[in-house]
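Before any comments, here is the structure.
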Amino acid sequence: MFPRLASVALLAMLASAPAQASDEAWKIHVELQAIMLPAKDALALLPELSDDKSMPAAWAKVEAMLADAKAKISAILLGQTQGEKIEVRQGEDVRYATEYTTPWPIQHPADDKAAPKQNLGVAFGPTAFEIGKTGVMLTASAEASADGRRISVTATAEHVWMLGWQDFEQGRLANNDKLIIKQPRFASAKTEGAFALNSGERTLLSIHRVPGSETEMELFILRTWTTPLNGGKK
Amino acid sequence: MNASFRWLLCAFAAAACGEDAVVEPWQVRSELQIVHLDAQRAVPLIARFTDDAKGAGEELRQLLADGNATLTAHLIVRTGNGLRGVAEQTTEVRYPTEISPSDPSLIPAWKPGAAPESVHFPVTAFERRQSGSTFEIEPFVHPGGRLIAVNVKLNVVDYPGIQRFESSVRADGTKLHWEQPVFHSRGNSRHLIARADLPVLIGCCKLQNNKRVAELHVLTIYVRLLNGALALDSGKLQASPAKSAELVPTLPCSQARIEFHRFIVPTADGLKWRALLLDPSRVEAAFENLLAETKIGSSELAEILSVPIRDKDRGVFYNWREQRYEMELSMPGHGIQWSKEQEEAFRRIRIGTPPFAFEKRDIGETLEFESVHDDQGMGVELTLNSQGTSFRGFARWPAGPSNGSQMAQTYYFEPDFTSHHTSAAFHLPNRQRVLLAFHKLPALDGRCEISLIRAVTEHFTDEPKPQ
Chain A
31 MFPRLASVAL LAMLASAPAQ ASDEAWKIHV ELQAIMLPAK DALALLPELS DDKSMPAAWA
91 KVEAMLADAK AKISAILLGQ TQGEKIEVRQ GEDVRYATEY TTPWPIQHPA DDKAAPKQNL
151 GVAFGPTAFE IGKTGVMLTA SAEASADGRR ISVTATAEHV WMLGWQDFEQ GRLANNDKLI
211 IKQPRFASAK TEGAFALNSG ERTLLSIHRV PGSETEMELF ILRTWTTPLN GGKK
Chain B
217 MNASFRWLLC AFAAAACGED AVVEPWQVRS ELQIVHLDAQ RAVPLIARFT DDAKGAGEEL
277 RQLLADGNAT LTAHLIVRTG NGLRGVAEQT TEVRYPTEIS PSDPSLIPAW KPGAAPESVH
337 FPVTAFERRQ SGSTFEIEPF VHPGGRLIAV NVKLNVVDYP GIQRFESSVR ADGTKLHWEQ
397 PVFHSRGNSR HLIARADLPV LIGCCKLQNN KRVAELHVLT IYVRLLNGAL ALDSGKLQAS
457 PAKSAELVPT LPCSQARIEF HRFIVPTADG LKWRALLLDP SRVEAAFENL LAETKIGSSE
517 LAEILSVPIR DKDRGVFYNW REQRYEMELS MPGHGIQWSK EQEEAFRRIR IGTPPFAFEK
577 RDIGETLEFE SVHDDQGMGV ELTLNSQGTS FRGFARWPAG PSNGSQMAQT YYFEPDFTSH
637 HTSAAFHLPN RQRVLLAFHK LPALDGRCEI SLIRAVTEHF TDEPKPQ
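The listed protein sequences derive, respectively, from chains A and B. The first sequence lines up with residues 31 to 264 when you count with my numbering. The second sequence lines up with residues 217 to 683 when you count with my numbering.
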C-alpha cells in the first residue's frame, strides 16, 4: 500500500514539476555495428549479449575478438538526428535483367558470300532491368528525454547478401546446349522494433546465421547516445 | 513539460492506483528459437513445456550444447509495451510461373532422320518468394511485469529444391523439363500468454522433408522497466490503452496446450490400437506403446502439432508442403499440322505436351480450433477442424497421338490427392488423451492413420514479478 502511495506522490510531483527541463536540446547518435564471428563463439556469448546488465562485459569480449581477428566487422553505420529519420546504408547495387527478347539467330552478313551457311549463334537481349540493393542498412528515428539520459528509438536494421546467380533454362540448341538466363539470388536478415534505451547503452538487435555459411553468425549491435546541442539549449 | 509527457505520467499514476487499461512503459525483448531435434526425443519435451517450462528450457539448452539438437534460427525483437516488432531471416527464391508455349513458326520444318532442332520456351513471368523465418510480435505486459499477453505470428518456409516436370522429348531422346520450386511452410498466428523469463512452446511440428525430425518454436520474453523511464517522453513507444485493454486478459485466466499426434500403422494393428485408444483407462499406455513401436519402425509418427490457446480464443496451426502441378498444357506437337514425313518420323520419337502454367496445393496438416475453458480447470470445450491432405503421385493420362496412329503414345500427368477432414465440438477433459480420428489410407495400401488429441490447461493469477 505504502509503496503504491509513494509512487503516486512521486508521479504527482513529477507531473507538476516546472517546465525548465524541456528547454534542453540534444543531438542523438545512433550506431549500428554488424559483426561476423564464429557461430560457436556467438552462441556462447548470446546469454551475456542478451542481458542488458552483462552487455558491457560481453561487448568487451567482442572487442577482444575483433582485435584478435577472430571476429570481423561487416559494417559500422553511424547517424545523427534531432528527431528526424536517419537512413544509412553501405552496400552495392546489383543490376539484373528481368525481361528478354525472343532468341534470334546471329547470321553472317548477307553480302559475305564466303561465310559458312551455319549461324554464328543465338542472341536474346535483355529488355528490362531491376536493381537489387545489397549491404547493411539502418533506418532509425530517435527522440531523447528532456534530461538526455533516455532515448526512444524506432529502428530497422537489415543486411542483404547476394548469394549468386540462378540459372533458368529457356530452350535448347540443336547440339543440346542449354539457353540459359541468369537471375540473382538474395538473402536477408532484418529486424525492426520501437524501444527505449539509456544514453550510451548497447543492445543486441539481432543474431543470425550468415547465409551460405554453416560456421559463421552475425550480430547487429545498436548503440545510441546523446550530446548537448548548442550548449544544451534549444 | 509537454502535454504528452504529462499524459503519460497521469496514465502511469492511474496504473499505480490500480486502474486498468493503462499501458506501462515496459521494454520488452522477445527471443524466438527454432530448434530441430529427433521426433522421439521431442514428444516428452513438448509435454514438459507445460508442466515445467524452466526445466524444459534447460533440457533444450543441454540438447543444443551436446549437439543433440540444432538451432536453425534465433530471432530477437525489441519493442516497447504494446508495440509491434518484426525479425526475419530470409532468402529470396525466384522461379518462373508462366512459360510461353513454343511458337510453331519457330520450329523448323521436320525432316525424317534430321538432327534435333533448337527449341525455345521463353519464361514470361517470374515470382519471388521468401524462404526462411519471419517472426512478428506485439507484446502487452500485464501490470507487475510477470505476465505478457502477446499477438504472435510466425511463418517458417523451407526451400528444399526443385521439382522437374517433363515438357517434351526430342528426336534424340533427350528429355526437356520445366523446373518448379518446392516449399515447405508451417507456422501459426494467435494470441497467447507467456510468463516473463520462461520459455513457452508456441508451436511444434514434423519436418515435411525429414519425418524423423521435429521442429520446435520456443518463445522467451524478457521485460524491464527502463530505469527512470518516467523521464522519457515515450508517447510514441506505447500502444493505445484501448488496444491494451482489449488484449491484456483479466486475471485469473487460463490457457490450454493442445497436443495433436498422428500415427500411421498397418491397418490390422490399427484396429487393435483403436480398441485400446477408445478406452480412457488404457489410452495413455497405448499412446506410449505406439510411440515405442515407431522406434522399431512398424508404425510411423507422422505428425506432431503442439500449440497453446487462450480461453475463448481461436487459433490455426499448419504444416504444409506445396505440391505444384501442371495446369495448362500445350497441344501435342505445338499445334503443327503434321505431314506424312512427320508422322513417319514420329513413329520413332515421342512428342511432349509442355505445360505453361502451374497450380499448387498445400499438402499436410491444418489444425483449427476454438476453446472455452471451464472455471474449475476440469477441461476444455473444444471446437475443432482438422484437415489433412496427402499427395499420392502423378496419374498418367494419354495426350496423343490420336487412336489408330502408329506413333508412340505420349502422356500428360495430373496429381492425385487424398484428404481427410474431421470437424467436431466436444468436451476434452484436462490431460485426457482421446482418439480424434481413424482413417484408412488409400494412398498407403494396407495402412491407416490414427489421430490423438490432448489438452493441458494452465492457470494464470495476479502474481507479482519476483525481484
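All C-beta atoms, glycine included, are put in the ideal place defined by N, C-alpha and C.
* **Cβ-based contacts, 9 Å cut-off: residues of the region 222-240 of chain A near chain B** => 222, 223, 224, 225, 226, 227, 228, 233, 234, 235, 236, 237, 238, 239
* To do: Measure the C-alpha to C-alpha separation of residue 347 of chain B and residue 496 of chain B and round it to an integer number of angstroms.
  => 43 Å
* Buried/exposed call for residue 533 of chain B, threshold 16 Cβ in 10 Å -> buried
* **Endpoints, the alpha helix (DSSP H) within which residue 267 of chain B is located** => 255-267
* **Proximal residues, the region 94-106 of chain A versus chain B, C-beta separation under 7 Å** => none
* Taking Cβ to Cβ, would you say residue 218 of chain A is nearer than 7 Å to residue 188 of chain A? -> yes
* Cross-chain neighbours of residue 665 of chain B in chain A, by beta carbon under 7 Å -> The contacting residues do not exist; residue 665 of chain B stays about 35 Å from chain A at best.
* Would DSSP call residue 595 of chain B helix, strand or coil? -> strand
* **Beta-carbon proximity list for residue 502 of chain B, same chain, < 7 Å, skipping 5 on both sides** => 489, 492, 493
* To do: Taking 8 Å as the threshold, find out whether the region 131-142 of chain A comes into contact with the region 170-186 of chain A through three or more Cβ pairs.
  => no
* For residue 478 of chain B, count neighbouring Cβ atoms within 10 angstroms of its own Cβ and tell me buried if that reaches 16, exposed if not. => buried
* Answer with buried or exposed for residue 527 of chain B, where buried requires no fewer than 16 other C-beta atoms within 10 angstroms of its C-beta. => buried
* Asked: From residue 579 of chain B to residue 227 of chain A, what does the alpha carbon distance come to, in whole angstroms?
  -> 45 Å
* Out of B:243, B:431, B:394, which has the shortest C-alpha to C-alpha gap to residue 574 of chain B? -> B:394
* Asked: How is residue 578 of chain B classed by DSSP in three states: helix, strand or coil?
  -> strand
* To do: Determine the chain B residues that contact residue 63 of chain A at a beta-carbon separation under 8 Å, and present them in chain order.
  => Ordered by position in chain B, no residue passes the 8 Å Cβ test against residue 63 of chain A, which lies about 15 Å from the chain.
* the region 85-94 of chain A touching the region 152-166 of chain A, judged by at least three CB pairs closer than 8 Å -> no
* Buried or exposed (CB count within 10 angstroms, at least 16 for buried), residue 642 of chain B -> exposed
* **Outcome for residue 535 of chain B when other beta-carbon atoms lying within 10 angstroms are tallied against a minimum of 16** => buried
* To do: Compute the Euclidean distance between the alpha carbons of residue 154 of chain A and residue 265 of chain B, then round it to the nearest angstrom.
  => 58 Å
* Start-to-end residues for the alpha helix (DSSP H) that takes in residue 86 of chain A -> 85-97
* Tell me which same chain residues have a C-beta within less than 6 Å of the C-beta of residue 373 of chain B, skipping the five on either side of it? -> 347, 399, 401
* Any chain A beta carbon closer than 7 Å to residue 579 of chain B -> no
* **Proximity below 7 Å, CB of residue 525 of chain B to CB of residue 474 of chain B** => yes
* First and last residue of the alpha helix (DSSP H) that includes residue 341 of chain B? -> Premise fails: residue 341 of chain B lies in the beta strand (DSSP E), 339-357, not in any alpha helix (DSSP H).
* Asked: How would you write the range of the beta strand (DSSP E) that residue 504 of chain B sits in, first residue to last?
  -> Here residue 504 of chain B belongs to no beta strand (DSSP E); instead the alpha helix (DSSP H) covers 499-512.
* To do: Could you check if residue 309 of chain B is buried or exposed, using at least 16 other CB atoms within 10 Å of its CB as the buried criterion?
  => buried
* To do: Using DSSP bridges, identify the partner residues of residue 535 of chain B.
  => B:402, B:581
* Asked: Three or more beta-carbon pairs under 8 Å between the region 463-473 of chain B and the region 276-285 of chain B, yes or no?
  -> no
* Decide if residue 210 of chain A is buried, meaning its Cβ has at least 16 other Cβ atoms within 10 Å, or exposed. => exposed
* Pull out every residue of the region 290-308 of chain B whose Cβ sits closer than 9 Å to any Cβ of chain A, in chain order. => 290, 291, 292, 293, 294, 295, 296, 299, 300, 301, 302, 303, 304, 305, 306, 307, 308
* Which runs of the beta strand (DSSP E) fall wholly inside the region 110-174 of chain A and span at least 3 residues, in chain order? -> 116-130, 134-136, 151-153, 156-174
* To do: Within the same chain, show all residues whose beta-carbon is closer than 8 Å to that of residue 112 of chain A, passing over the 5 residues directly before and after it, in chain order.
  => 55, 56, 57, 58, 259
* Shortest alpha-carbon distance to residue 411 of chain B belongs to which of B:637, B:653, B:286, B:435? -> B:435
* Just the Cα atoms here: how many angstroms apart are residue 260 of chain B and residue 421 of chain B? -> 14 Å
* Burial state of residue 594 of chain B, where buried means 16 or more other Cβ atoms lie within 10 Å -> exposed
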